[in-house]
Structure formats: C-alpha cells, structure tokens
Amino acid sequence: MPEAPPLADRFLPAAFGFAVAALAWLRFSENTADNDLWGHVLYGQRVLALGHLEHTDVLSWTAAGQPWINHEVFAEIFLGLVHRLAGGTGLWLAMLVLAAVTVAIALRAGGGRDRRRQLAALGLFAVSINFIALGYAVRPQLFTMLAFVVLLVLLRRFFNGQFHWGLAVPWLFAAWTNLHGGYFAGWIIVLLAVGTEGAAALRPALIQRLRFAPPVPVRWWLPPAMAVTTTVALALNPWGFELVRWTFQTLLLPRPQISEWQPPGLTAGAMAFYLLVALSASAWLGSRLPRRPWEAATLVMLAVMAALQQRHAPLFALANLMLTPPHLWDALRRLAPHCAGLIALLRRRLVAPGLAIALCAAGAAGLAASLAPPREHPFTIEVPRDIYPVAAIEFMRSHQLTGRTLTFFDWGQQVLWELPDNPVSFDGRLDTVYPAAIREAHWRFYAGGAPGPGLDVAAAAVALLPTSSGGVALLQRAGWSLVYRDPLAAVLVQTPADHSALAGLSLPVQAGRTATQGRVPFPDALSPLATDRRPR
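Start counting the sequence shown at 243; every next residue gets the next number (our numbering).
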C-alpha cells in the first residue's frame with residue numbers, strides 16, 4: 243500500500259498529544275483531600291490572623307507548649323490565603339496551575355526547540371505521568387516540584403557557561419527552605435553537581451573515555467561559591483541552621499505507618515517504574531550525544547532515592563523528563579534503520595488514521611473518567627467518607643462531645659478543623675511538634691498495647707479511632723463507653739454522664755455502610771480556629 247498522506251502524518255502526532263494531555267488531566271486533576279490538608283490551610287490562616295508564626299504548640303493537649311517547627315510556613319500561608327479567597331475549588335485550581343507550570347518547564351527543558359526531540363519528550367512524559375502525579379495533591383510538596391525543575395534549569399545554564407544564572411540559586415533556596423522540606427534533596431543535588439563537575443575537570447582523560455562532555459571552562463572558584471552561598475541561604479528561615487539539622491534527623495526516622503516513605507517493592511506499579519528507569523538508562527547508553535557528568539549523577543542518585551522511598555519517584559520522573567529526551571531521541575534515531583518494517587507499517591494508509599482515532603478515543607475516555615465516579619464534585623477538593631470519619635465527626639458535633647480527644651494521627655487535623663473544642667492527642671504534624679515518647683505511645687495505643695507514660699488516656703474525655711483499631715478494645719477494657727460506631731470510625735467517651743446529649747440514646751449508635759459511602763466537598767467556610775486568637 244502507498245504511504246499515508248501528509249495529513250495523516252500530522253494528525254497522528256496531534257492525536258497522540260491529545261491522548262497524553264487527557265491522561266495528564268485525569269491524573270493531575272485527582273481531587274481527593276490529603277490527610278494533612280486541613281492542617282496546612284488552618285496553620286496558614288492562623289498565621290494570617292495572628293500576624294506571626296506560632297513557635298510552640300497550642301492545638302494539642304499532649305504536646306501543649308512543645309516547640310513547633312512549622313517549616314512549611316510559606317506554603318501554608320499561600321494555601322490559607324487561596325482557601326480564604328476561593329475555598330476548596332481555589333485549592334484545586336491552585337494545584338492544577340502549579341502542576342501545569344512545573345510540567346511545562348520540564349517539557350520545555352527536555353524537548354527544546356526541535357520537533358522530533360519534543361515528540362520524544364512527550365512520549366517520555368506519557369510513560370512518566372503516573373509517577374509525576376504521585377507528588378500532586380494540595381500540600382506543600384507542590385512547591386518542591388516547582389522549585390526542583392527551576393533548580394535543574396538554573397544548574398544546566400550555569401554548567402553550560404551562563405554563570406550569572408548561578409546567582410539565582412541561593413535565592414531559590416531562601417524561599418524553598420520555608421516552603422517544604424524537599425529543599426534538602428535540592429541542596430544535595432547542588433553539592434553533587436558541583437562535586438561531579440569538579441571531579442570531571444580533574445580527570446579529563448577518563449571523562450573522554452566514558453564519552454562524557456568535558457566541563458565548560460570556568461574560573462575555579464565559581465561553582466564552590468555557588469555551593470557555599472546556597473548553603474548559607476538555607477539558614478534564612480525562622481530556625482536558622484537548626485532547621486537543616488532537624489531536617490536531616492527527620493529524614494532518618496522510620497515511618498512504617500506512611501506508605502510513601504516505603505520502598506516501592508515488586509508491585510505492578512513498581513515494575514512500571516523500574517521499566518522507566520531501564521528505558522532511560524538505555525537511552526543514555528545508546529546515545530552518542532555529549533553527556534554531562536552532573537546530569538548523569540543526578541539521575542542515578544534520584545533513581546536510587548526513588549527505589550528506597552516511593553515519595554522520591556516524582557523527582558526522578560521530572561528530572562528524567564528534563565535531562566533524558568535528547569539522548570532518547572538520538573538512541574531512537576540510531577535504532578530506526580533496524581525498525582524500518584515497523585515504521586513502514588505505522589505509515590500505511592489505514593494504520594495511521596486508525597491509530598489516531600484510537601488515541602482520540604482513549605483521550606476522550608480519560609476526560610470522561612475525570613468527571614465520573616468516584617468523583618462526585620470534580621471541580622473542588624473532595625473528602626471521601628470511606629477514608630475520613632465524616633459521619634463520626636458529625637455525630638460528635640451534634641451531640642456536643644467536646645474535651646480532650648484521643649485521635650488517630652491521620653484524622654487529627656480534620657478534628658482540629660471541624661471540632662475546635664476538641665484538642666487532639668496526636669495528628670499528622672508528627673515529629674515537627676510531638677516528641678518521640680508521644681509518637682511511640684500512640685503507635686502502641688493504636689495496636690492495642692499499653693501506651694506507657696507518653697500518653698495518659700485517663701486525661702482524655704473523648705476518643706475518635708478507626709473501628710478496627712486495637713485502641714478501641716483497650717479503652718473499653720479500661721471502662722470507656724462506645725457511643726458510636728460505623729464501618730470506618732468509632733467514638734468513645736470516658737464518662738457518658740458528662741455528655742448530656744447522649745441521654746436517652748441507645749448506645750452505641752450503630753451507623754451502617756451508608757455512613758461511609760460517597761464524598762463531600764472540602765469545607766469552604768473557615769474553621770473557627772483559623773481566626774481564634776485565644777490560647778487553648
């Protein structure tokens with residue numbers, strides 16, 4: 243058959259671009275609330291209302307007065323302001339805008355101006371979307387993704403001889419350090435890049451044998467000066483270099499309760515990630531283009547980090563999207579003569595239009611899925627009732643179950659928002675405010691063991707725990723009364739007589755599966771604690 247006409251040649255890439263854009267929309271528009279979202283918005287709004295940063299805890303009853311390293315303060319002020327102006331929809335839109343800007347920078351850096359290289363970048367983006375999207379929920383990590391791609395752009399220009407761009411790196415870190423703890427990974431990359439390029443300058447013969455590009459001639463003191471000034475910029479935060487020490491220590495803490503801090507393992511999703519790493523390594527090895535040592539070292543380090551902790555997969559995928567497309571295109575170009583039959587098949591009159599139609603159909607299906615269940619309010623942030631104790635909290639509110647509350651850590655910040663008269667025992671702030679004794683006591687308590695001196699359960703009045711938690715049985719053995727239960731959450735009180743609204747109820751109130759079905763929008767109204775200046 244004759245080759246497809248030029249119109250089909252143009253239509254197929256356009257259809258591919260549409261399908262990729264639709265997949266990206268489906269994944270990045272995911273609107274499920276992160277368990278820390280209530281806290282991030284609340285803390286930012288408290289800073290706006292109080293006019294200063296709170297350095298000690300006033301929101302829990304177990305860590306009251308403890309130092310609070312609220313290191314994501316700039317991000318929280320931003321989220322608090324967006325919510326104040328536009329509610330949950332504003333938060334969702336802000337996430338999408340930050341994602342679009344971040345991905346656009348990465349695609350531009352990887353694709354350059356050459357159309358074929360841009361197609362290679364788009365293809366690499368298509369297989370990377372799921373991994374990049376892991377970093378996208380409404381939380382401060384959004385700013386790490388953006389700062390990270392900006393950093394790589396600055397480093398690439400610096401090491402390509404445009405040394406004045408290095409002046410922007412310390413300023414980037416001055417902001418990043420106050421946005422999210424991911425600054426630490428960025429700082430390590432700066433040190434790695436400077437060290438790698440410095441070592442390459444000392445061993446030019448080895449660099450040539452390995453087919454790396456020789457370093458651009460530079461005054462010897464410029465890269466170390468950038469590294470030193472960047473390090474100094476880390477101290478431009480309310481805690482100075484103490485924050486850097488704390489960040490390093492917190493990175494060493496085990497977090498078995500949080501899945502994103504665990505290795506990806508050997509799941510289907512993990513296999514896809516390992517295939518992406520293998521594809522990228524093959525592109526670098528198969529390319530004959532000059533390879534920069536610092537770029538290769540950065541990708542290797544990020545791949546190892548992602549293999550150790552899932553939360554680093556978005557950073558690897560973004561860096562890979564920026565640094566690998568030139569090598570991927572060159573490797574594919576060299577491979578093309580060996581795939582002439584396949585290329586000819588794809589250009590046949592019926593095959594190319596058929597593929598284009600299939601891609602358009604897949605894209606349309608992706609767009610439709612973004613509006614379909616389980617999403618019920620697709621253009622705002624949603625709170626799934628089978629993940630968060632919406633019904634249990636409403637029971638506590640309607641029956642005025644106030645006082646010191648034993649809380650599950652994933653639900654603590656939702657309790658702070660919804661129940662301002664219920665100081666929590668524990669929440670997702672973890673080691674930013676709670677000492678090790680309190681954290682470990684809660685892990686034991688949730689498992690049904692004696693919590694020990696880090697948690698005095700007798701000092702609490704109410705408990706909100708997962709129905710399956712061992713803590714429910716522990717409290718019942720200690721004489722607490724179960725007053726509400728649904729498939730997700732249980733509410734207990736120490737002394738029912740202290741809560742007059744429970745009088746006359748047949749306890750415990752049993753809520754069926756409907757209590758955990760569906761989704762509700764993230765509240766647009768401010769929490770009472772957002773503007774409460776009184777000490778708690």
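For each residue, glycine too, the CB sits at the ideal point set by N, CA and C. None of these values were measured; they are calculated from a predicted model.
Query	Result
Give, in chain order, every unbroken run of the alpha helix (DSSP H) that is at least 4 residues long and sits entirely within the stretch 669-699.	678-688
Note down the Cα distance separating Ala559 from Ile374, rounded to an integer number of angstroms.	6 angstroms
Report, in whole angstroms, the separation of the C-beta atoms of Ala417 and Phe316, which I expect to be a contact under 8 angstroms.	7 angstroms
With distances taken Cα to Cα, identify the nearest neighbour of Pro480 among Gln718, Pro579, Gln450 and Asn312.	Asn312
Mind checking Gly746: buried by the 16 CB within 10 Å criterion, or exposed?	exposed
Can you round the beta-carbon distance between Leu333 and Leu321 to whole angstroms, since I take them to be within the 8 angstroms contact cut?	7 angstroms
Between the C-alpha atoms of Leu290 and Ala702, what's the straight-line distance to the nearest angstrom?	31 angstroms
Quick one, which of Ile449, Phe367, Met513 and Met337 has its alpha-carbon nearest Ala351's?	Phe367
Around the Cβ of Asp740, are there at least 16 other Cβ atoms within 10 angstroms (buried) or fewer (exposed)?	exposed
DSSP three-state call for Ala731: helix, strand or coil?	strand
Just to confirm the assignment: which complete alpha helix (DSSP H) runs, minimum length 4, are found wholly within the stretch 522-560?	535-550
Which residues mark the beginning and the end of the beta strand (DSSP E) in which Val704 is found?	Val704 to Pro708
Are there 16 or more other CB atoms within 10 angstroms of the CB of Thr773, so buried, or fewer, so exposed?	exposed
Out of Arg686, Thr737 and Pro616, which has the shortest C-alpha to C-alpha gap to Gln499?	Arg686
Mind pulling the alpha helix (DSSP H) runs of 4 or more residues that sit fully within the stretch 400-477?	410-418, 425-444, 446-451 and 464-475
Could you tell me whether the Cβ atoms of Phe764 and Ala275 are closer together than 7 angstroms?	yes
Do Ala410 and Leu570 come within 7 angstroms of each other at the CB atom, strictly closer than that value?	no
Whole angstroms are fine: how far does the CA of Ala600 sit from the CA of Val593?	10 angstroms
With a threshold of 7 angstroms between beta-carbons, can Ala336 be considered close to chain B, or not?	This model lacks chain B altogether, as it is built from one protein chain only.
Specify the secondary structure class of Tyr630 as computed by DSSP and reduced to three states.	coil
Go through its chain and collect everything with a Cβ distance to Gly670's Cβ below 8 angstroms, but skip five positions before and after it.	Asn277, Asp278, Gly281, Phe651, Asp652, Gly654 and Gln655
Identify whether Glu245 lies in helix, strand or coil by the three-state DSSP scheme.	Note on Glu245: pLDDT 49, under 50, position unreliable in the model; no value is reported.
What does the alpha-carbon distance come out to for the pair Ala611 and Ala604?	10 angstroms
With 16 other CB atoms within 10 Å as the buried threshold, where does Glu660 fall?	buried
Take Arg326 as the anchor and find which of Asp299, Leu364 and Tyr285 has the nearest alpha-carbon.	Tyr285
How would you call Asp783, buried or exposed, if buried means at least 16 neighbouring beta carbons within 10 angstroms?	In the structure as shown, the chain begins at 243 and stops at 778. Residue 783 is therefore absent and cannot be evaluated.
Among Pro708, Arg590, Ser667 and Pro446, which residue has its Cα nearest to the Cα of Gln308?	Ser667
With the cut-off set at 7 angstroms, would you say Ile680 and Thr304 are in Cβ contact?	yes
Comparing the CB of Val345 with every heavy atom of the ligand FMN, is any distance shorter than 6 angstroms?	Absent from the structure shown: the ligand FMN. Ligands present: none.
Which word fits Ile430, buried or exposed, when buried means at least 16 other C-beta atoms lie within 10 angstroms of its C-beta?	exposed
Pick out whichever of Arg453, Arg357, Leu444 and Phe426 has its Cα sitting closest to the Cα of Pro459.	Leu444
Just to confirm, are Ala263 and Cys602 a CB contact at a threshold of 7 angstroms?	no
Would you check if there are 3 or more beta carbon pairs closer than 8 angstroms linking the stretch 504-522 to the stretch 547-555?	yes
Tell me, please, which residues DSSP counts as bridged to Tyr726.	Val733 and Val751
Taking C-beta to C-beta, are Arg627 and Gly760 nearer than 7 angstroms?	yes
For Asn562 and Ser522, what's the separation of their Cα atoms in angstroms?	7 angstroms
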